[in-house]
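**Q**
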């Protein structure tokens, strides 16, 4: 995604989160120890800074360098200097040249909410007491491991401190890392009692002029078929989880007749995470009562699981589809401290109308007892209703969708999102992939539980709504036996956790590059003792992925393109240079494919791209032929911006097979 579109996406993201950017005061702290500088440089830390650049759209970001236990204020991080900031200000110059400061007494003078993002690799424990002594709960600290290892902390961290680590700092990982940071941040500020100067949540304007307050035991007609049910709470300890259970004659028909974080939609009911919307509700359900009646269902029971005890405040409300509040039930929590689950209320059919029943009854045995009361005692073996599943799905469900958009783009697909409205039905299709004239409907399941057969049925049925010819379900867990059998019968492609991990492992980072300067690619052996003969080639291909002619193939016998956009320098056997001027690329060429060849196998070689970023990529050639040939990557436009994406495509037949693949005849 280009920088401008990413900034626009980020601004839209903050709007959905309800965050006012002008009330965010962001500070980056980077451990600039000498031992980390080379690692930061080689591990693509610059891509992390590039992803963080949208932070600057509301103004410069303060930056502090950490070195030998001291802290130094550096020049501000702005949108203009984002692509060179790490090189120029952190490991390109001596960070000690900045103003030395006392991090815990002089830096934070704002009364607004401040987000501190701290990149380090050392133990976090020594900083907990100084942070606590600041008595500033409106500061949110996010420690991120530079090397990707879990950060050491021997004490329990306060609510305003979180530890994050990315196993692989790369463009593929930074999108997930980036959104995880801000999901944590927005969840913190929206659940914490802060002074108004520190709160940044914006509540959507809603019409409450005709709202009716109801009491326990009341039964109120709702008078509408399409509704929203919002549930909200305030808790200082732990987290809660809601569920909408569809009943027929007061019984659950099956384990899939329930909507919650782990099963987003069922007949007539869709679960939406209110944490990602500008609303006071923590969780929201869209309800189509007519669809329930047609399916033979006569009640929706809304429950709340409280693993850490009752929240301080709790309510359930019923709204029209256009956000007019009809009724609200504030649940008295004084007598609910021993309960771990509550029946909040229910929409139920009575003769010719639907009514809302305000219940407020509790259970001491959690969701297991609730499910047992309605006919499925083993529901908790199918779904997890623990704080762990809430943390995993609540933080990563939306992030997983963004991550898969990025991954499929790198696989060469055009990615479409069926709808940007979280309340609109998506008919079981989260993404649409377009490639080679074929449209593929994709459903994403960020599950810790087994994916049920319903996922296969939904994407197969929903594909027709978007003119898709093929189907796919991608999950972070594994599929049930019934789901796999139906997928095979219907021709639905399934990616489970293992397949997803393998696909991500094959992909490397995507790097934004500038066409304003000549790029230098250097392919060299990684180990000095290796005797490796290296060749570097370039194929300039058109929209059909073939070369228009022999001039568009640059190799050792044809070292320069007539346009001057590509030039090969053969200095020695074990190192080759390729100079690219993207501004001179002929109009008929859409991509430049970079190919490397070796005269031996199982050797590590290094590709360096000089784009004022010093980006490194290391490849290991696997034994496939006497002369191995590998596509190192390609330069192409993504969302209107030039980028380099890597690949691990092999040609067992060497450079001759590569030529044939790109439409050239080999004599």
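Residue numbers (this note's numbering): 26 to 692. Don't be surprised by glycine CBs; every beta carbon is placed ideally from N, CA and C. As the structure is a computational prediction, the values presented were derived from the model and not from experiment.
#1: What residues in its chain sit with their C-beta under 6 Å from that of residue 441, if we drop five residues either side in the sequence?
#2: Which residues bound the beta strand (DSSP E) around residue 370?
#3: Pull up the distance between the alpha-carbon of residue 392 and that of residue 335, whole angstroms please.
#4: Less than 8 Å between the C-beta atoms of residue 255 and residue 296, yes or no?
#5: Under 8 Å by Cβ, that's how I've got residue 689 and residue 614 pegged, so tell me the actual separation to the nearest angstrom.
#6: Out of 321, 237, 250, 528, which one is the CA nearest neighbour of residue 272?
#7: Just verifying my parser: in three-state terms, what is the DSSP assignment at residue 296?
#8: Applying the criterion that 16 or more other CB atoms from any shown protein chain within 10 Å of the CB defines a buried residue, is residue 501 buried or exposed?
#9: Whose C-alpha, out of 588, 680, 607, is nearest the C-alpha of residue 582?
#10: Specify the secondary structure class of residue 642 as computed by DSSP and reduced to three states.
#11: Buried or exposed, going by whether 16 or more other CB atoms sit within 10 Å of the CB of residue 479?
#12: Since residue 601 contacts residue 561 with CB under 8 Å, what's their CB separation in whole angstroms?
#13: State buried or exposed for residue 439, treating a residue as buried only when at least 16 other CB atoms are found within 10 Å of its CB.
#14: Helix, strand or coil: how does DSSP classify residue 256 here?
#15: May I ask which residues mark the beginning and end of the beta strand (DSSP E) holding residue 559?
#16: Tell me which residues share the same chain as residue 585 and place their Cβ nearer than 8 Å to its Cβ, disregarding the 5 neighbours each side in the sequence.
#17: Relative to the C-alpha of residue 128, which candidate in 612, 489, 158 has its C-alpha closest?
#18: Could you round the C-beta distance between residue 86 and residue 101 to whole angstroms and report it? I think they count as a contact, below 8 Å.
#19: Do you know whose CA, among 107, 323, 453, 82, lies nearest residue 481's CA?
#20: Just tell me which of 576, 571, 608, 400 has its CA closest to the CA of residue 282.
#21: In its own chain, which residues sit with a C-beta less than 6 Å from the C-beta of residue 346, not counting the 5 before and 5 after it?
#22: By how many angstroms is the C-alpha of residue 486 removed from the C-alpha of residue 329?
#23: Quick one: residues in its chain with C-beta nearer than 6 Å to the C-beta of residue 103, no 5 flanking neighbours on either side, listed in chain order?
#24: Do residue 503 and residue 484 have their C-beta atoms closer together than 8 Å?
#25: Could you give the DSSP three-state label for residue 149: helix, strand or coil?
#26: Does the distance from the CB of residue 372 to the CB of residue 325 come in under 8 Å?
#27: Shortest alpha-carbon distance to residue 308 belongs to which of 608, 284, 293, 291?
#28: Check residue 344 in the structure and name its three-state DSSP category.
**A** This is what the structure gives:
#1: 457
#2: 366-375
#3: 14 Å
#4: no
#5: Not quite, the Cβ-Cβ distance comes to about 14 Å (not below 8 Å), so this is no contact.
#6: 321
#7: strand
#8: buried
#9: 680
#10: Residue confidence for residue 642 is low, a pLDDT of 48 falling below 50, so the modelled location carries little weight and cannot support an answer.
#11: buried
#12: 4 Å
#13: exposed
#14: strand
#15: 559-566
#16: 579, 591, 592, 593
#17: 158
#18: 6 Å
#19: 453
#20: 400
#21: 251
#22: 31 Å
#23: 81, 85
#24: no
#25: coil
#26: yes
#27: 284
#28: strand
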